[in-house]
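Take a look at the structure below.
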Amino acid sequence: MNDFVVGALDACLRFRVPGPEGAWLRELLGDLVVPDPGRELPVIEWEQADAGGWRLQLAGSGAMNDVETAGALAETLVAINSIAATSVVGELAAMHGGTFEVDGVAVAVAGVSGAGKSTTVAAAVLQQHGYLSDEVCAIDIGSWKVRPYHRPIGLRTAGAAAIGVPIPSPVVDYAFVYPWRVSAVGRLAESAPLGLIALVERRPGPVELVELRPADALVRLAALTLGSAGNERLLFRRFEQVARAIRVIELRHDDVFAAVDVLAGAVSR
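All residue numbers in the sequence shown are consecutive under our numbering, ending with 1547.
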């Protein structure tokens, strides 16, 4: 049995996963692994099911039976993201997006699933920018700093191919997403002040940045909040502050490396 602890923003989770899959999962999540605090923690556990596959316990959210390994990985990553976002709802503003760091300034790339957020952040890492987060962008309203959340970047097959990230011969068939551990190839950044939020959209043509007015930015950002169940008004007020204080743009492109260069230039000016 592989027993290890990961930190997900203000939450800690204990993992219990048997066999070679446990060692493989610990390696994938290595940038989140923290020392065991020696206290009771929410548990994510994989148990081999009698009918094959896995029976998952996801930190008290109930059991899932007969999930194949690729599906178990995908469900586990979703659970970590949800727990991370919920853990900071009392003090931070969390949204669906990734972040990278350029010369000490954080750039957030936000948008709906499949828009290319993770691919953009991964391309930034390959261009020697610092990695802050994927899937969850957590912003401190008092300091405007982004908190690091160093989960593996989730790359779809097409996204990985577009930026030249090879998907290795897998322990499983990465049917859902390939979790790319950044510390093996790039730099993990620490907390950094947020300088720009880019709402990403893939479309033909040159890279284009479209400035959004605060009111329009708020409408877009409010649809991307995380951990909002029961906290809608609180998070709306926080993102109203974000929209007034931080530059928000639409990023339109069909060349992810060129898009990263434009974003880096936008915060370096």
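The beta-carbon is built from N, C-alpha and C at its ideal position, and this holds for glycine as well.
Measure the alpha-carbon distance for residue i versus residue j and round it to whole angstroms.
i, j, result
"Val1295", "Arg1333", "11 Å"
"Glu1510", "Glu1518", "12 Å"
"Leu1496", "Ile1527", "11 Å"
"Glu1421", "Ala1523", "Sequence inspection shows Ser at residue 1421; the Glu mentioned does not correspond to that position. Roughly 11 Å separates the two Cα atoms."
"Val1390", "Val1545", "23 Å"
"Pro1313", "Pro1457", "22 Å"
"Trp1302", "Leu1355", "14 Å"
"Val1311", "Pro1446", "22 Å"
"Gly1330", "Gly1392", "31 Å"
"Met1342", "Gln1335", "7 Å"
"Ile1475", "Val1538", "13 Å"
"Phe1535", "Val1478", "13 Å"
"Thr1398", "Ala1416", "18 Å"
"Arg1465", "Ala1327", "38 Å"
"Ser1339", "Ile1361", "11 Å"
"Glu1369", "Ala1438", "34 Å"
"Val1385", "Thr1377", "5 Å"
"Val1380", "Ala1400", "13 Å"
"Arg1304", "Phe1282", "7 Å"
"Val1540", "Ile1322", "40 Å"
"Ala1388", "Met1373", "8 Å"
"Gly1300", "Ala1436", "27 Å"
"Phe1514", "Asp1309", "31 Å"
"Glu1468", "Pro1426", "6 Å"
"Gly1442", "Asn1280", "32 Å"
Using three-state DSSP, classify residue i as helix, strand or coil.
i, result
"Gln1406", "coil"
"Pro1492", "helix"
"Glu1413", "coil"
"Ile1524", "coil"
"Leu1513", "helix"
"Leu1502", "coil"
"Leu1306", "helix"
Opposite residue i in the DSSP bridges: which residues?
i, result
"Pro1471", "Lys1423"
"Pro1457", "Gly1432"
"Glu1479", "Arg1530"
"Phe1282", "Phe1293"
"Glu1486", "Arg1530"
In the DSSP assignment, find the unbroken beta strand (DSSP E) run with residue i in it and report its ends.
i, result
"Asn1343", "1341-1345"
"Ala1289", "1289-1295"
Starting from residue i, trace the alpha helix (DSSP H) in both directions and tell me its first and last residue.
i, result
"Ala1537", "1534-1546"
task = Entirely within the region 1310-1336 and at least 3 residues each: give me those beta strand (DSSP E) ranges in chain order.
result = 1321-1326, 1332-1336
query = Along the chain, which unbroken stretches of the beta strand (DSSP E) at least 3 residues long are found entirely within the region 1338-1401?
reply = 1341-1345, 1370-1380, 1383-1388
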